[in-house]
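Engineer: Mind looking over this structure? Questions follow.
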Amino acid sequence: MPTITEKQALLVEEFEFFEEWMDKYNHIIEMGKALPPFEVADKNEDLLVQGCQSKVWLKAEKQGNQVRFFADADAIIAKGIVAILIDVFDNQPAVEIAAADLGFLEDIGLKDHLSPTRANGLMSMIKQMKFYALAFSSAN
Amino acid sequence: MSYDVQAIREQFPILHQQIHGRPLVYLDNAATAQKPLAVIEAITHYYTKDNANVHRGVHTLSQRSTDAMEAVRADVCAHINAREVAEIIFTRGITDSINTVAFGMEAVIEPHHNVVITALEHHSNIVPWQMLCERTGATLRYIPMNDKGELDLSTLNALVDEHTAMVAFNHISNALGTINPVKTILARAKAVGAWTLVDGAQSGPHAKVDVQDWDVDFFTLSSHKMYGPTGLGVLYGKRERLEALPPYQGGGEMIATVTLEKSTYAAIPHKFEAGTPHIEGIIGFGAALKYINSVGLEAIAAHESALLEYATKTLSSIDGFRIIGTAANKASVLSFLVEGTHPYDLGVLLDQQGIAVRTGQHCTQPIMDQFCIAGTARASFAMYNTFEEIDLFKAALERAVTMLR
Chain H
5 MPTITEKQAL
15 LVEEFEFFEE
25 WMDKYNHIIE
35 MGKALPPFEV
45 ADKNEDLLVQ
55 GCQSKVWLKA
65 EKQGNQVRFF
75 ADADAIIAKG
85 IVAILIDVFD
95 NQPAVEIAAA
105 DLGFLEDIGL
115 KDHLSPTRAN
125 GLMSMIKQMK
135 FYALAFSSAN
Chain G
134 MSYDVQAIRE
144 QFPILHQQIH
154 GRPLVYLDNA
164 ATAQKPLAVI
174 EAITHYYTKD
184 NANVHRGVHT
194 LSQRSTDAME
204 AVRADVCAHI
214 NAREVAEIIF
224 TRGITDSINT
234 VAFGMEAVIE
244 PHHNVVITAL
254 EHHSNIVPWQ
264 MLCERTGATL
274 RYIPMNDKGE
284 LDLSTLNALV
294 DEHTAMVAFN
304 HISNALGTIN
314 PVKTILARAK
324 AVGAWTLVDG
334 AQSGPHAKVD
344 VQDWDVDFFT
354 LSSHKMYGPT
364 GLGVLYGKRE
374 RLEALPPYQG
384 GGEMIATVTL
394 EKSTYAAIPH
404 KFEAGTPHIE
414 GIIGFGAALK
424 YINSVGLEAI
434 AAHESALLEY
444 ATKTLSSIDG
454 FRIIGTAANK
464 ASVLSFLVEG
474 THPYDLGVLL
484 DQQGIAVRTG
494 QHCTQPIMDQ
504 FCIAGTARAS
514 FAMYNTFEEI
524 DLFKAALERA
534 VTMLR
């Protein structure tokens with residue numbers, strides 16, 4: 005299993021393959037489409053990520069020391085963005101998620117490329133994932 | 134003379150740029166319109182030559198600033214055919230204009246009264262009335278709309294009754310483009326002695342309004358939607374109505390005398406213009422008005438309605454394209470959804486291709502709720518948009534839809 009750092013490097017490499025932002029967006033959309041669908045029952049207020057322009061639901065489960073993440077969104081680009089984060093964080097140790105530095109978002113250029121409201125949404129997703137991880141690691 | 138859209142485009146420097154490597158196609162005009170050189174130059178001239186505070190001091194610059202600002206008041210008066218310049222109040226925007234009236238009406242409204250608005254309003258023409266009703270115990274009523282986004286006037290006579298204190302509604306809907314039957318609604322309001330307010334946010338840049346012909350009590354305009362600067366609105370009010378309302382804000386400029394015990398208020402319009410006004414904005418707005426009138430509102434409206442017709446026709450060929458708001462009488466607003474896509478996603482992918490549209494609820498949550506949708510994408514056209522731009526928009530939309538499905 006690659007580490008969080010290795011996962012980030014892989015994603016940077018993956019995105020470097022596309023020169024045009026339309027193609028990068030296409031890749032984000034494909035990642036969103038590939039994310040397993042959420043149980044309808046889980047699409048409730050409690051799992052909604054606050055601060056996103058579209059609706060994004062995020063769920064986390066603890067499996068041993070690792071954290072599993074599940075997400076869905078009503079807009080596919082938002083779903084693609086959360087899929088990127090899941091790609092990095094899923095199945096990783098809770099303590100490492102809580103402490104992770106996500107420099108790859110700048111390397112990909114995603115952070116700069118998003119509108120301010122969407123960038124806020126991205127930060128809210130990361131905050132929520134780290135919050136889950138922190139809760140799981142301190143519960144030990 | 135034929136409509137020379139290229140000559141008009143030359144006057145808007147902002148349009149000549151690339152966004153993400155593509156030519157900018159600006160279709161978010163219902164949110165704010167771009168500014169012609171005449172406006173930019175008027176503001177530059179003001180700060181280069183004339184800047185001073187108005188209505189005080191005897192020095193030359195102050196007099197020039199005051200004269201320039203008051204000349205615009207006279208221009209606005211003539212533009213909407215008000216009886217006198219004192220009936221033209223400069224505000225911070227339409228939200229401020231409506232709040233000024235709604236706040237002031239607390240002095241004349243009683244618990245048995247009702248206020249009637251419509252299901253088609255912008256939040257700025259809903260919330261001030263909700264607040265007024267909460268403070269006074271009056272009731273807020275809504276004229277409903279049908280599935281096309283047209284007002285259902287079958288209930289008008291029942292809703293607007295002898296207890297109606299105010300009927301407030303927009304001339305043109307920002308979210309759907311519906312042009313409302315102003316005179317029919319005003320006639321009913323007048324028959325029961327209710328006050329009336331028409332919100333001209335969307336009609337200002339498209340239609341000529343004669344407030345005396347309408348015999349409306351209050352009318353509002355937004356500078357930035359009429360190719361002028363942001364932060365400036367107009368409140369027109371009949372003299373007798375404005376005199377009956379207490380001022381909304383206290384401060385400088387709006388007083389006649391001030392002692393530590395009590396102040397007396399200035400006459401209209403100054404009673405409602407507390408503080409230093411948005412002088413630069415007013416002067417810029419004056420230039421915008423002159424520019425609009427030099428092109429001609431009728432010519433602009435004809436061009437925009439041709440654009441709307443072309444866009445409606447050409448975009449409808451996209452599989453799953455659905456227009457929200459299909460009123461028979463419509464201004465140049467195209468609110469839409471495409472099956473299997475989310476409006477936010479469309480907005481992002483259109484932006485990547487240089488196309489600026491609005492996505493979301495357009496500050497009209499109740500309208501979106503009635504259609505059971507979370508929001509729409511909205512293209513809105515202005516005097517400088519072209520048929521070629523609509524073709525670019527269509528191609529970009531098709532590409533976005535293909536990617537998203």
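Which chain is which? The protein sequence lines are H and G, in order.
The first sequence begins at 5 in our numbering and counts up by one.
The second sequence begins at 134 in our numbering and counts up by one.
Cβ coordinates follow ideal geometry from the N, Cα and C atoms, glycine included.
Nothing here was measured: the structure is a model prediction, and the numbers come from that model.
Where does Ala-200 of chain H fall in DSSP's three states?
Structural biologist: Shown here, chain H extends from 5 to 144; a query on residue 200 of chain H therefore has no answer.
Engineer: Runs of 4 residues minimum, wholly inside the segment 166-213 of chain G: which ones carry the alpha helix (DSSP H) assignment?
Structural biologist: List check, alpha helix (DSSP H) in window: 170-178, 193-212.
Engineer: On the premise that Pro-499 of chain G lies in contact with Ala-110 of chain G, defined as a C-beta separation below 8 angstroms, what is that separation, rounded to the nearest angstrom?
Structural biologist: The shown model of chain G, from 134 to 538, leaves out residue 110 of chain G, and the question about it has no answer.
Engineer: Taking 8 angstroms as the threshold, find out whether the segment 156-169 of chain G comes into contact with the segment 484-492 of chain G through three or more Cβ pairs.
Structural biologist: Taking 8 angstroms as the limit for Cβ pairs, the verdict is that the segment 484-492 of chain G does touch the segment 156-169 of chain G.
Engineer: Say whether the segment 191-204 of chain G touches the segment 441-461 of chain G, bearing in mind that this needs 3 or more beta-carbon pairs closer than 8 angstroms, one atom from each stretch.
Structural biologist: With the cut-off at 8 angstroms, the segment 191-204 of chain G and the segment 441-461 of chain G do not touch.
Engineer: Per DSSP, Ala-489 of chain G forms a beta bridge with which residues?
Structural biologist: On the second sequence, position 356 is the one that residue 489 of chain G refers to. For Ala-489 of chain G, which the question treats as bridged, DSSP gives the partners G:Tyr-159.
Engineer: Please name the residue or residues paired with Val-99 of chain G in a DSSP beta bridge.
Structural biologist: The structure shown has nothing for residue 99 of chain G, since chain G only spans 134 to 538.
Engineer: By Cβ distance, which residues of its chain are closer than 6 angstroms to Thr-397 of chain G, with the 5 residues on each side in sequence left out?
Structural biologist: Indexing the second sequence from 1 puts residue 397 of chain G at position 264. Closer than 6 angstroms at Cβ, skipping near neighbours: Ala-389, Thr-390.
Engineer: Pull up the distance between the alpha-carbon of Asp-452 of chain G and that of Val-471 of chain G, whole angstroms please.
Structural biologist: Along the second sequence, one-based indexing puts residue 452 of chain G at 319. Along the second sequence, one-based indexing puts residue 471 of chain G at 338. Each residue's Cα considered, the two are about 8 angstroms apart.
Engineer: Quick check: what's the CA-CA separation for Leu-114 of chain H versus Val-248 of chain G?
Structural biologist: In the first sequence, residue 114 of chain H corresponds to position 110, counting from 1. In the second sequence, residue 248 of chain G corresponds to position 115, counting from 1. Each residue's Cα considered, the two are about 48 angstroms apart.
Engineer: Please identify the residue among G:Ile-152, G:Met-278, G:Gly-226, G:Glu-386 whose C-alpha is closest to the C-alpha of Asn-186 of chain G.
Structural biologist: Reading the second sequence from its first residue, position 53 is the one you call residue 186 of chain G. When only C-alpha atoms are compared, the closest one is G:Glu-386.
Engineer: Please confirm whether Tyr-477 of chain G has its beta-carbon closer than 7 angstroms to some beta-carbon of chain H.
Structural biologist: Numbered from 1 along the second sequence, position 344 holds the residue referred to as residue 477 of chain G. Closer than 7 angstroms to some Cβ of chain H, the Cβ of Tyr-477 of chain G qualifies, so yes.
Engineer: What span of residues does the alpha helix (DSSP H) with Tyr-136 of chain H cover, start to end?
Structural biologist: Here residue 136 of chain H is taken as the residue at index 132 of the first sequence, counted from 1. From DSSP, the alpha helix (DSSP H) with Tyr-136 of chain H extends over 120-142.
Engineer: Please state whether DSSP places Gly-237 of chain G in a helix, a strand or coil.
Structural biologist: On the second sequence, position 104 is the one that residue 237 of chain G refers to. Of the three classes helix, strand and coil, the one that applies to Gly-237 of chain G here is helix, per DSSP.
Engineer: To which residues of the same chain is Ala-219 of chain G closer than 6 angstroms at the C-beta, ignoring the five residues directly before and after it?
Structural biologist: As a working mapping, residue 219 of chain G is identified with position 86 in the second sequence. Counting only Cβ-Cβ distances below 6 angstroms, and skipping sequence neighbours, we find Ile-401, Pro-402.
Engineer: Can you list the residues of chain H that Val-481 of chain G reaches, using a CB-CB cut of under 9 angstroms?
Structural biologist: The residue given as residue 481 of chain G occupies position 348 in the second sequence. Residues of chain H passing the Cβ test: Tyr-29, Ala-79, Ile-81, Leu-118, Ser-119, Arg-122.
Engineer: Tell me Gly-366 of chain G's beta-bridge partners as DSSP assigns them.
Structural biologist: Position 233 of the second sequence, counting from 1, holds the residue named residue 366 of chain G. Partner(s): G:Thr-224, G:Ser-355.
Engineer: Let me know the secondary structure DSSP gives Val-44 of chain H once reduced to three states.
Structural biologist: Here residue 44 of chain H refers to the residue found at position 40 when the first sequence is read from its first residue. Val-44 of chain H: helix per DSSP, three-state reduction.
Engineer: Shortest alpha-carbon distance to Ile-523 of chain G belongs to which of G:Lys-168, G:Ala-512, G:Ala-533?
Structural biologist: Counting from one through the second sequence, the residue named residue 523 of chain G turns up at place 390. If we check each option's Cα against that of Ile-523 of chain G, G:Ala-512 comes out closest.
Engineer: So which of G:Asn-162, G:Phe-520, G:Ile-147, G:Ala-235 has the shortest CA-CA distance to Ala-377 of chain G?
Structural biologist: Position 244 of the second sequence holds residue 377 of chain G. For Ala-377 of chain G, the nearest C-alpha among the options comes from G:Ala-235.
Engineer: Considering only the beta carbon of each residue, do Thr-509 of chain G and Ile-457 of chain G sit closer than 7 angstroms?
Structural biologist: Counting from 1 along the second sequence, the entry for residue 509 of chain G is found at position 376. Counting from 1 along the second sequence, the entry for residue 457 of chain G is found at position 324. Yes.
Engineer: Buried or exposed: which applies to Ala-291 of chain G, given that a residue is buried once 16 or more other Cβ atoms fall within 10 Å of its Cβ?
Structural biologist: Counting from one through the second sequence, the residue named residue 291 of chain G turns up at place 158. So Ala-291 of chain G counts as exposed.
Engineer: Assuming Asp-348 of chain G contacts Lys-323 of chain G under a Cβ cut-off of 8 angstroms, what Cβ separation, rounded to an integer in Å, is found between them?
Structural biologist: The residue labelled residue 348 of chain G in the question sits at position 215 within the second sequence. The residue labelled residue 323 of chain G in the question sits at position 190 within the second sequence. Between Lys-323 of chain G and Asp-348 of chain G the Cβ distance is about 7 angstroms, and since that is below 8 angstroms, they are a contact.
Engineer: Taking only three categories from DSSP, how would you classify Glu-295 of chain G?
Structural biologist: As a working note, residue 295 of chain G is residue 162 in the second sequence. Three-state result, Glu-295 of chain G: coil.
Engineer: Output the boundary residues of the beta strand (DSSP E) element that contains Cys-329 of chain G.
Structural biologist: Position 196 of the second sequence, counted from the start, is the residue given in the question as residue 329 of chain G. For clarity, residue 329 of chain G is Thr in the given sequence; the question names Cys instead. Unbroken beta strand (DSSP E) run through Thr-329 of chain G: 328-332.
Engineer: For Gln-485 of chain G, go through chain H and note every residue whose CB falls closer than 8 angstroms to its CB, in chain order.
Structural biologist: By 1-based counting over the second sequence, the position of residue 485 of chain G is 352. Going along chain H in sequence order, the residues near Gln-485 of chain G (Cβ under 8 angstroms) are Trp-25, Met-26, Tyr-29.
Engineer: Is it buried or exposed for Tyr-549 of chain G, if we count other Cβ within 10 angstroms and need 16 for buried?
Structural biologist: Coverage of chain G is limited to positions 134 through 538, which leaves residue 549 of chain G absent and any answer about it impossible.
Engineer: Alpha carbon to alpha carbon, how far is Ile-8 of chain H from Leu-89 of chain H? Give it in angstroms, no decimals.
Structural biologist: As a first step, residue 89 of chain H is located in the first sequence; it is residue number 85 there, counting from the start. As a first step, residue 8 of chain H is located in the first sequence; it is residue number 4 there, counting from the start. Approximately 10 angstroms between the Cα atoms of the pair.
Engineer: Determine whether the beta carbon atoms of Val-331 of chain G and His-304 of chain G lie at a separation below 7 angstroms.
Structural biologist: Sequence index remark: in the second sequence, residue 331 of chain G carries index 198 (1-based). Sequence index remark: in the second sequence, residue 304 of chain G carries index 171 (1-based). Yes, these two residues count as a Cβ contact at 7 angstroms.
Engineer: Whose Cβ in chain G lies nearer than 7 angstroms to the Cβ of Ser-58 of chain H?
Structural biologist: Here the question's residue 58 of chain H lines up with position 54 in the first sequence. Within 7 angstroms Cβ-Cβ: His-475, Tyr-477.
Engineer: So, is Ser-135 of chain G buried or exposed, given that buried needs 16 or more other C-beta atoms within 10 angstroms?
Structural biologist: By 1-based counting over the second sequence, the position of residue 135 of chain G is 2. By the 10 Å Cβ count, Ser-135 of chain G comes out exposed.
Engineer: Of the residues that make up the segment 147-181 of chain G, which ones have a beta carbon closer than 8 angstroms to any beta carbon in chain H?
Structural biologist: So the close ones are His-153.
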